[in-house]
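J.: Below are the structure tokens for one structure; questions will follow.
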DNA sequence: ACATACCGTTGGTCGCACCAACGACACAAG
DNA sequence: CTTGTGTCGTTGGTGCGACCAACGGTATGT
């Protein structure tokens, strides 16, 4: 299966990167079938979890740089999925909130994401998946 | 540790991506301290494993697109680490080979990489590392 | 009142994966 | 020997994600 040279094939970082490539491709493909990218889902998911939020809070919740939040919210707003209004209590801030259609979309994308998770972990048994995810959690930054 | 919203924090693909981000950063930082990038090491490692090779073979061994092989070999050649000569037996091809200083550099980078692997897996016990790598191997494309 | 810190925006960089098209060349079928 | 067919290396591009710098506008603490 692997044409890759032994020096690379043996490196944990190589295996990790390849596994992530595969996962990423599955995820991106799944989202792009619906016309969205990872950043879109991350912002919508953050809003779905925490309700309306400033872009700064959104960035922390979605793991995005504020600059990327700005362009992503631009995009979502132009599709009518979120509303961006000035915060009356702090005029530096915008309040970003899901619109009804944004909320419906999020529910659909949640299903898409769940299916993608399953596809990624398909080679493992349920018990292995649990162990794998537990080990993965230990390797977080 | 994680400010990330629950909908994301629970996704295996998210954990995998974050773990890979961390690993990637450790690796890139380690290599860049010596003035190199991942592509450089991959090509040198392929040459170290298989000896002189055409760029096409090099691409397969290093997991690179031929276009990326071309620019990477350009770079390595300009630093005197590889030699690129026309293949007398097939004039479409180049033969790329390590120079003596390329071989010495590869030995140094091997050590750098080994240390980076250790840093990445530091949070796990030796037994856990073995299990983790085994599971990772099952998730390859 | 003024310094400090934060907010959102714009306009970049970098690493990596990948794709398209081209001329040069090899090779096998006719 | 000519004529496909296909490979090789090169150039020039795309997309995505992570990230950085600098700016004007706004709050806030001293």
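Chains as they are written, first to last, in the working numbering: chain W, 74 to 214; chain U, 74 to 214. Heads up, the beta-carbon is just placed ideally off N, CA and C, and yes, glycines get one too.
Taking only beta-carbon atoms, is residue 180 of chain U less than 8 angstroms away from chain W?
T.: Residue 180 of chain U does not count as touching chain W.
J.: Taking Cβ positions only, does residue 201 of chain W come closer than 8 angstroms to chain U?
T.: Closer than 8 angstroms: yes.
J.: Any Cβ of chain W within less than 8 angstroms of the Cβ of residue 78 of chain U?
T.: Yes - at least one Cβ of chain W is within 8 angstroms of the one on residue 78 of chain U.
J.: Quick one: residues in its chain with C-beta nearer than 7 angstroms to the C-beta of residue 99 of chain W, no 5 flanking neighbours on either side, listed in chain order?
T.: These residues qualify, in order along the chain: 189, 192, 193.
J.: State the start and end residues of the unbroken alpha helix (DSSP H) segment that holds residue 115 of chain U.
T.: That run of the alpha helix (DSSP H) goes 111–123.
J.: Using a Cβ-Cβ distance under 8 angstroms, would residue 124 of chain W count as near chain U?
T.: No, because no Cβ of chain U sits closer than 8 angstroms to the Cβ of residue 124 of chain W.
J.: Determine the closest residue to residue 183 of chain W out of W:105, W:118, W:84, with distance taken between C-alpha atoms.
T.: The candidate whose alpha carbon is nearest that of residue 183 of chain W is W:118.
J.: So, is residue 142 of chain W buried or exposed, given that buried needs 16 or more other C-beta atoms within 10 angstroms?
T.: It counts as buried.
J.: Could you check what DSSP says for residue 196 of chain W in three-state terms: helix, strand or coil?
T.: Residue 196 of chain W falls in the coil class under three-state DSSP.
J.: Quick check on this structure: which residue in U:170, U:136, U:161 has the alpha carbon closest to the alpha carbon of residue 147 of chain U?
T.: Closest option to residue 147 of chain U, Cα to Cα, is U:170.
J.: Quick check: the Cα distance between residue 140 of chain U and residue 76 of chain U, rounded to an integer number of angstroms?
T.: Those two C-alpha atoms are separated by around 39 angstroms.
J.: Here's a check: name, in chain order, each residue in its chain whose Cβ is nearer than 6 angstroms to the Cβ of residue 87 of chain U, leaving out the five neighbours to either side.
T.: Counting only Cβ-Cβ distances below 6 angstroms, and skipping sequence neighbours, we find 81.
J.: Comparing alpha-carbon positions, which option in W:208, W:200, W:103 lies nearest residue 198 of chain U?
T.: Cα-wise, what sits closest to residue 198 of chain U is W:208.
J.: According to the neighbour-count rule (16 or more other Cβ atoms, all chains shown, within 10 Å of its Cβ), is residue 111 of chain W buried or exposed?
T.: Looking at its Cβ environment, which holds 16 or more other Cβ atoms inside 10 Å, residue 111 of chain W is buried.
J.: Hey, quick one: how far does the beta strand (DSSP E) through residue 169 of chain U stretch, first residue to last?
T.: Counting along the chain, the beta strand (DSSP E) containing residue 169 of chain U begins and ends at 167–171.
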